[in-house]
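Visitor: Attaching a single structure in structure tokens format; questions to follow.
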Amino acid sequence: MKYNIFYCRFVAILACIMLYSSIQGQGNCQIYPLESGERMACELSYRAIEYEQGSKESQYLFDQAIQIGPKYAYAYYQKSVPYFKRARYAEGLTLINKAIELEPANYLFYRAYWYFYNYNFQACIQDLESLYQVHQAHYVTTPGGELEMRLLLAMAYALEGSVDKGIHIIEQLMVLYEQEANLKGLYDHYCLGLLYFQKKDYVQAYQHFERQLSYDEKFADNYFYLGRIHQAQGNIDQARKYYQASLERKKGKHGGYNRAIFATYNISTFDIEEQLKNL
7 MKYNIFYCRF VAILACIMLY SSIQGQGNCQ IYPLESGERM ACELSYRAIE YEQGSKESQY
67 LFDQAIQIGP KYAYAYYQKS VPYFKRARYA EGLTLINKAI ELEPANYLFY RAYWYFYNYN
127 FQACIQDLES LYQVHQAHYV TTPGGELEMR LLLAMAYALE GSVDKGIHII EQLMVLYEQE
187 ANLKGLYDHY CLGLLYFQKK DYVQAYQHFE RQLSYDEKFA DNYFYLGRIH QAQGNIDQAR
247 KYYQASLERK KGKHGGYNRA IFATYNISTF DIEEQLKNL
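Everything in the sequence shown is counted per the working numbering, starting at 7 for the first residue and increasing by one.
And the structure:
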């Protein structure tokens, strides 16, 4: 079956995206001395991002930026992105490694993201632990701005067998949300429910899945796991009810988060239909 308890997501509100953009963006070129290599590299990079990502024009300008300002990390980072997206990981890693060498606090997140994507969970953990412990990062999201990177850290630990560690990380992230008025994790209860479900702690899992409904009533996968819990407890009628609710929402294209990094873990309509047949 294609579903997996580690499929989960967090979504930040607009203020969180703005915080994230300050990390991913290249910033103000005027902070560099006039006619310095970094200043010219920054200006070339602004020209480069006007073109389609990965285009010959943009990559040529990033090459020029790197040649003129070899200490300007953003150019290495941006040039690496299309290599990763096209599965040319060797070239991508060479470039992102250089960006991290220059500015580790700003670019560790991106290498960790691709380590996770390629199932190198130990390397992902190492990068993210450094990001949050050594560099004291406050709030960093995945490249698209949807997920706080500590969610990936929790998942990586869980996939390496340390489910309790993953639970602790998510719970600490929820504390951060409570402390920061401009932060809100919309899928933290769902994620905790998944991890407690793996531990077969159905009481805790059910509580978190129920709380998740107050955040997103259209999220099909949440209903699926409520059905799984009822089925495990012998409540067949209730299980059927939740599976049918999940199927309706999945077919109505409200299945939830579906980025490629989680595609392997996504619950499909086939999975739900199979559970219904097995009742």
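We put the beta carbon where it would ideally sit given N, CA and C, even for glycine.
All values derive from a computational prediction rather than experimental measurement.
Any beta-carbon of chain C closer than 7 Å to the one on Gly191?
Guide: As a matter of chain content, chain C is missing from the structure shown, which is built from one protein chain.
Visitor: Where does Glu154 sit, in a helix, a strand or coil, going by DSSP?
Guide: The answer is strand: DSSP assigns Glu154 an E or B state.
Visitor: Alpha carbon to alpha carbon, what distance is there between Lys85 and Gln65?
Guide: Each residue's Cα considered, the two are about 6 Å apart.
Visitor: Check Glu280 in the structure and name its three-state DSSP category.
Guide: Three-state result, Glu280: helix.
Visitor: Can you tell me which residues form a DSSP beta bridge with Thr147?
Guide: Paired residues: Glu154.
Visitor: Rounding to the nearest angstrom, what Cα-Cα distance links His214 and Leu101 in this structure?
Guide: Cα to Cα, His214 sits roughly 41 Å from Leu101.
Visitor: Taking just the CA atoms, how far does Tyr125 sit from Gln218?
Guide: The straight-line gap from Cα to Cα measures roughly 27 Å.
Visitor: Could you tell me the alpha carbon to alpha carbon distance between Tyr294 and Asn228, rounded to whole angstroms?
Guide: It is not possible to answer for residue 294, since the shown part of the chain is limited to 7 through 285.
Visitor: Exposed or buried, Arg92, counting other C-beta atoms within 10 Å across all chains shown (16 or more means buried)?
Guide: Exposed, because fewer than 16 other Cβ atoms sit within 10 Å of the Cβ of Arg92.
Visitor: Over the uninterrupted alpha helix (DSSP H) stretch that includes Ile176, give me the two end residues.
Guide: Taken as a continuous stretch (DSSP letters only), the alpha helix (DSSP H) holding Ile176 covers 169–185.
Visitor: Less than 7 Å between C-beta atoms, sequence neighbours within five positions excluded: which residues of the same chain meet that for Gly199?
Guide: Ala211, His214, Phe215, Gln218, Tyr231, listed in sequence order.
Visitor: I'd like to check one pair, Leu253 with Ile278: are the Cβ atoms closer than 7 Å?
Guide: Going by C-beta atoms, Ile278 is nearer than 7 Å to Leu253.
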